[in-house]
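**Q**
There are 2 protein chains.
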Amino acid sequence: MTADPCLPECGVARFLSLLEGPWATLIVRELLRGPHRFTELRDGLPGISPHTLTSRLRQFERHGIVIRTAYPEIPPRVEYRLTPLGEGLRDVLDAMAAWAVTVPDGESTVTA
Amino acid sequence: MTADPCLPECGVARFLSLLEGPWATLIVRELLRGPHRFTELRDGLPGISPHTLTSRLRQFERHGIVIRTAYPEIPPRVEYRLTPLGEGLRDVLDAMAAWAVTVPDGESTVTA
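Heads up: the protein sequence lines correspond to chains F and P, in order.
If you're matching positions, the first sequence starts at 409 in this note's numbering and goes up one per residue.
If you're matching positions, the second sequence starts at 409 in this note's numbering and goes up one per residue.
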């Protein structure tokens, strides 16, 4: 599944390119709760590597989904937050969650 | 991202466990167009391996998202189609596509 620079025409495939891998969607889930620092994001996503978090955030920045703001303070403070385009993902994640909670755990094979 | 049998509580994480990896969502996209045979699915998803397709379909069956129907014909005919639970994914994929087509290609970094 290749990402930039040329995204697939098909909307679903395009989505999967932009939010490639589970971490991307989970990062958006965190940012939908408000701006986060890098360490806050990392702590909110147990198991994510700094490398993965950095590369996903950079991809999001490239596509105008996330804004990185560096505040001229000592010590320096850097925050990530969703742009309006990124906020548009709220409907998608809400739809994901609304569907997923209706799916029972474990075995529920339906036989025809 | 482990799948069965115990799915995460959080709806988004639960969704990502159920539709783990890009192929899972693309398989659903194909099945939203109607029942498919295995070979039709495989041909509609260039690059997918038979192993991945088989394991995803089995997981979907286990969770009641897909029904596998074997018709007593010669030669035998097997079809996969979405259950009502699986059809419920239409809203999610529509939301994915509706958002993704608003995202411009390539570089569009927004600076604060």
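Quick reminder that beta carbons are idealized off the backbone N, C-alpha and C, glycines included.
(1) Return helix, strand or coil for R464/F, following the three-state DSSP convention.
(2) Evaluate the contact criterion for the region 462-480 of chain F versus the region 428-447 of chain P: three or more CB pairs, one atom per stretch, below 8 angstroms.
(3) Can we say the region 414-425 of chain P touches the region 499-507 of chain F, given the rule of at least three CB pairs closer than 8 angstroms?
(4) Please state if the CB of L453/F and the CB of W431/F are separated by a distance shorter than 8 angstroms.
(5) Around the C-beta of T519/F, are 16 or more other C-beta atoms found within 10 angstroms, so that it is buried, or is it exposed?
(6) Flag G496/P as yes if its beta-carbon sits less than 8 angstroms from any beta-carbon of chain F, otherwise no.
(7) Taking only beta-carbon positions, decide if R485/P is within less than 8 angstroms of chain F.
(8) Just reading off the alpha helix (DSSP H) that R498/P is part of, what are its end residues?
(9) Would you mind telling me which residues of chain F sit closer than 9 angstroms to P430/P, beta carbon to beta carbon, in chain order?
(10) Which term fits S457/F, buried or exposed, when burial requires 16 or more other beta carbons within 10 angstroms of its beta carbon?
(11) Which of helix, strand or coil does DSSP assign to E487/F?
(12) For chain P, is any of its Cβ atoms less than 8 angstroms away from the one on T447/F?
(13) Whose C-beta lies closer than 6 angstroms to the C-beta of P512/F among residues of the same chain, with five residues either side of it excluded?
(14) State the DSSP-derived secondary structure class of R441/F, mapped to helix, strand or coil.
(15) Are the CB atoms of R489/P and P443/P nearer to each other than 8 angstroms?
**A** The short version:
(1) Judged by DSSP in its simplified three-state form, R464/F adopts helix.
(2) Because the criterion of three Cβ pairs below 8 angstroms is not met, the region 462-480 of chain F and the region 428-447 of chain P do not touch.
(3) As far as the Cβ criterion goes, the region 414-425 of chain P touches the region 499-507 of chain F, which means the pair count is three or higher.
(4) Yes, the pair counts as a contact, with Cβ atoms nearer than the cut-off.
(5) At T519/F the pLDDT is 43, less than 50, meaning the model places this residue with poor confidence; the figure from the coordinates comes in the next sentence. Label assigned to T519/F: exposed.
(6) G496/P counts as touching chain F.
(7) For R485/P, the closest Cβ of chain F is not nearer than 8 angstroms.
(8) Counting along the chain, the unbroken alpha helix (DSSP H) around R498/P starts and ends at 497-508.
(9) M409, A421, L424, S425, E428, G429, listed in chain order.
(10) Label assigned to S457/F: exposed.
(11) The answer is strand: DSSP assigns E487/F an E or B state.
(12) Chain P, which has no Cβ nearer than 8 angstroms to the Cβ of T447/F, makes this no.
(13) Scanning its chain for C-beta atoms nearer than 6 angstroms, with the 5 sequence neighbours on each side dropped, one finds no residue around P512/F.
(14) Three-state result, R441/F: coil.
(15) Yes, they are a contact pair.
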